[in-house]
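Chemist: The following block contains the structure, expressed as structure tokens.
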């Protein structure tokens, strides 16, 4: 046993139960006395207590950063505050220094410093030792440097970054202090400011974060997207956002709308382009470290419009407009409107191309590879073991509370005639599960009650799962089922009578800029050892979108092999329902599997425009 | 206080702050209580830093102060809380100090184990532990009850404990 191991009591052990109650603050006085008695019993019990509480503490600590960070950022939002006590102290009179008010101020500043430092250290510690974390990009970690740190945002995206200056290296998730420089040789990096503005810098470039609402682009390209502050937020008392501005060696580009690009050439010439909204471009001269346009360099700019030159202070650009600010021989900035703007990267995040329904059923968000979990179609509860039991239906639609991408489940039960079966939480119903047409005649079949086992996300290779061969029910007895999963993703076990509805609106919210455009899968009937050789599985498989039947396969049998499912989905469709019901001859051996089920995603129209 | 002493304090404090926080949570598992005491402890540590002798163990010193601050907190608000008795609390603190390397090793594995939690469990942990919303609000959004949510969190903590144990077995040299 490792030296850090402890004796973990079983989950139902009294000690474990009491420690859990203590942890949740739900322990009674009587239980406390009992816990004390058990803890007094020996070192193992105490060590378990200490380890369990330390886990609880660490879970608090690991989720603490965001809150702390937001508090820090909110405090600095309106105007950056540099926590440097020296100028403040030197301006105070001797009588004030040492007084109670002064002491209180010192204590407050120190406390702020410590909380800020605590947060900064936590981030750096999690980010790895190579991360540089001070205002100058040096590796010093002294308090005097930390005192200068004011965080104005966070690195929220990186792609293929190579660094022109290794001292400016950073990592995704790292906080962005004021005055931090980033020099990329190539690649893309996204900074999200605390106010919501997002800046994507594109290498080769050099960018310095100069305020909580802007920066200085010395060379290279960037795209800035500024979140609009709603009137409702302002009415609710939110602080107005600062105007977002990008300085360059020759211009100041100020946002009046939502999205724009700026490119600075090697000679400092600046090109500004507006995607959406408006910007104002002013001409001026400045460099790294300047606090503004040099007074001596301020001069009227010249705009060239329709062949005529006019003196202007600034120029306003609307969507699709671009302007170049260039200095002439006399060092006078000139505005020239451009017909062909440079290309800018507007999105760093690559949205997923498809969502894996097996991953979702197993508890994931569709982009992972979770398997071997499922959901009980008769209750909506999560299932962690595949138990091949008969589960009676209560005829109800069960909304799923624990998974935002699954709207609900149901087990259609129609003992006689026809009956509306609810398919989703919006109340869409379907009446045709029992209706068949044969030789032009309408035949009503009945659906037996319940299903066997859960709706289950089975891994592609059951041997690798370590389950005993031939054990654990129909989904494992049927063998690997390779013919139903050409992509080897896995199988959705779907014994009749069962249905599951996915919430595609939730998918669109979770995965921005894309929407489920197509369902692709393979339907099939599993086959395995049967007690009654003359009884075969026959089932109907159904696909609905917002309650509309969009795909069906009646009387699916094992001999039908792999049946492709390919369903197009509208961009605004909300619910996707898959269901399997008993075909001819009841539900015996109705081992329906849906192999490799994925939702192919398409870019939203807006994103498509950006791609262009 | 000169800059070098400033720096020493910052380095020591930043190095041990999560351990000090863990120490407090052992005695006060409620997040808001623990945060209150942690803040107060941080301030006292700073105030008393002049008296700290560099050859002493910073963590032991800080945990001693944290222990006192927990006592003060309980004197003020203890009636509302069910906590362990004084003597047992001292014994637990002592064991905790002895077991620091064990706890450090387990913490490293905890981070990995939290990454293995499924999507729903991670979201539940993050939201429940972040302390920004009440458990009732989170339970409503997960369409469940407060008690069911606590049970789920217990199961998750159990899974994490087991995952840590498994990780320790894997790490052990064969």
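Chains as they are written, first to last, in our numbering: chain A, 5 to 616; chain B, 201 to 374. Cβ atoms here follow ideal geometry from the backbone N, Cα and C, with glycine treated the same way. Bear in mind the structure is a predicted one, so any value in this text is a computation, not a measurement.
1) From residue 40/A to residue 270/B, what distance separates their C-alpha atoms?
2) Which residue or residues does DSSP assign as beta-bridge partners of residue 599/A?
3) Just grab the DSSP bridge partners of residue 580/A for me.
4) On the three-state DSSP scale, how would you describe residue 410/A?
5) Name, in chain order, the residues that DSSP records as bridge partners for residue 555/A.
6) Got a sec? Which residues, its chain only, sit under 8 Å from residue 317/B by beta carbon, not counting five neighbours each side?
7) For a contact defined as C-beta to C-beta under 8 Å, what are the partners of residue 518/A on chain B?
8) On the premise that residue 319/B lies in contact with residue 367/A, defined as a C-beta separation below 8 Å, what is that separation, rounded to the nearest angstrom?
9) Closer than 8 Å, Cβ to Cβ, to anything on chain A: give me those residues from the segment 284 to 300 of chain B, in chain order.
10) May I have the straight-line CA-CA distance separating residue 323/B from residue 203/A, to the nearest angstrom?
11) For residue 239/B and residue 245/B, what's the separation of their Cα atoms in angstroms?
12) Provide the residue span of the alpha helix (DSSP H) that contains residue 186/B, from first to last.
13) From residue 597/A to residue 182/A, what distance separates their C-alpha atoms?
14) Going along the chain, which residues of the segment 53 to 64 of chain A sit with their C-beta nearer than 9 Å to a C-beta in chain B?
15) List the residues of chain B that residue 402/A touches, going by C-beta distances under 8 Å, in chain order.
16) Can you tell me whether DSSP reads residue 401/A as helix, strand or coil?
17) Chain A beta carbons: is any one of them nearer than 9 Å to that of residue 342/B?
18) Can you tell me whether DSSP reads residue 100/A as helix, strand or coil?
19) So, helix, strand or coil for residue 518/A, using DSSP?
20) Please list, in chain order, the chain A residues whose beta carbon lies closer than 7 Å to that of residue 229/B.
21) With 16 as the cutoff for other CB atoms within 10 Å, does residue 216/B come out buried or exposed?
22) Should residue 407/A be flagged as near chain B, meaning a C-beta pair shorter than 9 Å?
23) Looking at chain B, which residues of the segment 521 to 552 of chain A have a Cβ within less than 9 Å of any of its Cβ atoms?
24) Say whether chain B places a C-beta atom closer than 9 Å to the C-beta of residue 504/A.
25) Is the CB of residue 382/A under 9 Å away from at least one CB in chain B?
26) Restricting to runs no shorter than 4 residues, where is the alpha helix (DSSP H) found entirely within the segment 353 to 400 of chain A?
27) In this structure, does DSSP put residue 361/B in helix, strand or coil?
28) Within the continuous alpha helix (DSSP H) that includes residue 28/A, where are the two ends?
29) What separation, rounded to the nearest whole angstrom, lies between the Cα atoms of residue 116/A and residue 524/A?
30) With burial defined as no fewer than 16 other Cβ atoms inside 10 Å of the residue's Cβ, what is the status of residue 205/A: buried or exposed?
31) For residue 414/A, I'd like the list of residues in its chain whose CB is within less than 6 Å of its CB, leaving aside the five on either flank, ordered along the chain.
32) Shorter than 9 Å from the beta carbon of residue 318/B to some beta carbon of chain A?
33) Could you have a look at residue 446/A and say whether DSSP puts it in helix, strand or coil?
34) Could you say if the segment 208 to 223 of chain B and the segment 525 to 542 of chain A meet the contact criterion of at least three C-beta pairs nearer than 8 Å?
35) Compare the Cα-Cα distances from residue 561/A to each of 584/A, 551/A, 166/A and 576/A and report the closest residue.
36) Smallest Cα separation from residue 360/A: which of 491/A, 249/A and 390/A?
Modeler: In brief:
1) Within the first chain, numbered from 1, the residue matching residue 40/A stands at position 36. Within the second chain, numbered from 1, the residue matching residue 270/B stands at position 70. Looking at the two C-alpha atoms, the distance is approximately 18 Å.
2) Looking up residue 599/A in the first chain gives position 595. Note: residue 599/A sits in a beta bridge opposite 495/A and 526/A.
3) As a first step, residue 580/A must be located in the first chain, where it is residue number 576. Bridge partners of residue 580/A: 506/A and 549/A.
4) For the purposes of this step, residue 410/A is taken as residue 406 along the first chain, with counting starting at 1. Strand.
5) On the first chain, position 551 is the one that residue 555/A refers to. In the DSSP output, where bridge partners are listed per residue, residue 555/A has 547/A.
6) Stepping through the second chain from its first residue, residue 317/B is reached at position 117. Taken in chain order, the residues that qualify are 325, 356, 359 and 360.
7) Counting from one through the first chain, the residue named residue 518/A turns up at place 514. Within 8 Å Cβ-Cβ: nothing; residue 518/A doesn't reach chain B, min ~18 Å.
8) Translated into the one-based positions of the first chain, residue 367/A becomes position 363. Translated into the one-based positions of the second chain, residue 319/B becomes position 119. That belief holds up - the Cβ atoms of residue 367/A and residue 319/B are roughly 6 Å apart, short of 8 Å.
9) 284, 285, 288, 291, 292, 295, 296 and 299
10) In the second chain, counting from the first residue as 1, residue 323/B sits at position 123. In the first chain, counting from the first residue as 1, residue 203/A sits at position 199. When rounded, the distance between both Cα atoms is 27 Å.
11) Start at 1 with the first residue of the second chain, and residue 239/B comes out as number 39. Start at 1 with the first residue of the second chain, and residue 245/B comes out as number 45. The alpha-carbon atoms of residue 239/B and residue 245/B are separated by roughly 10 Å.
12) One cannot answer for residue 186/B here, as it falls past the ends of chain B, which runs 201 to 374.
13) For the purposes of this step, residue 597/A is identified with residue 593 of the first chain, where counting begins at 1. For the purposes of this step, residue 182/A is identified with residue 178 of the first chain, where counting begins at 1. Rounded to the nearest angstrom, the two C-alpha atoms are 56 Å apart.
14) 53, 54, 55, 56, 57, 58, 59, 60, 61, 62, 63 and 64
15) If you number the first chain from 1, residue 402/A lands on position 398. Within chain B, no residue comes near residue 402/A; the closest Cβ sits about 11 Å away, beyond 8 Å.
16) Taking the first chain and counting its residues from 1, the one referred to as residue 401/A is at position 397. Note: residue 401/A maps to coil in three-state DSSP.
17) Your numbering for residue 342/B matches position 142 in the second chain. At least one chain A Cβ lies under 9 Å of residue 342/B.
18) Taking the first chain and counting its residues from 1, the one referred to as residue 100/A is at position 96. Below a pLDDT of 50, predicted positions are generally treated as unreliable, and residue 100/A, at 38, falls in that range; the measurement from the model is reported next regardless. The answer is coil: DSSP assigns residue 100/A none of H, G, I, E or B.
19) Reading the first chain from its first residue, position 514 is the one you call residue 518/A. Looking at residue 518/A - three-state DSSP - the assignment turns out to be strand.
20) Along the second chain, one-based indexing puts residue 229/B at 29. Residues of chain A passing the Cβ test: 26, 27, 29, 57 and 60.
21) As a working mapping, residue 216/B is identified with position 16 in the second chain. When all chains shown are included, residue 216/B counts as buried.
22) Stepping through the first chain from its first residue, residue 407/A is reached at position 403. At least one chain B Cβ lies under 9 Å of residue 407/A.
23) none
24) Sequence index remark: in the first chain, residue 504/A carries index 500 (1-based). It does not; no Cβ of chain B falls within 9 Å.
25) Residue mapping note: residue 382/A aligns to position 378 of the first chain, counting from 1. Chain B, which has no Cβ nearer than 9 Å to the Cβ of residue 382/A, makes this no.
26) 361 to 365
27) Here residue 361/B corresponds to residue number 161 of the second chain, with the count starting at 1. Three-state DSSP puts residue 361/B in a helix.
28) Numbered from 1 along the first chain, position 24 holds the residue referred to as residue 28/A. Looking at the DSSP string, the run of the alpha helix (DSSP H) that includes residue 28/A is 18 to 28.
29) Within the first chain, residue 116/A is the residue found at index 112, counting from 1. Within the first chain, residue 524/A is the residue found at index 520, counting from 1. Since pLDDT at residue 116/A reaches only 49, below the 50 mark, its modelled position is unreliable, and the value read off the structure follows with that caveat. Their backbone Cα atoms lie some 54 Å apart in a straight line.
30) The residue given as residue 205/A occupies position 201 in the first chain. Residue 205/A is buried by the Cβ-count criterion.
31) In the first chain, the residue the question calls residue 414/A occupies position 410. So the list reads 401 and 503, once near-sequence residues are dropped.
32) In the second chain, counting from the first residue as 1, residue 318/B sits at position 118. Chain A contact via Cβ: present.
33) Sequence index remark: in the first chain, residue 446/A carries index 442 (1-based). Residue 446/A falls in the strand class under three-state DSSP.
34) no
35) Counting from one through the first chain, the residue named residue 561/A turns up at place 557. Comparing Cα-Cα distances from residue 561/A to each of 584/A, 551/A, 166/A and 576/A, the minimum goes to 584/A.
36) If you number the first chain from 1, residue 360/A lands on position 356. Selected option, being the one with the closest Cα: 491/A.
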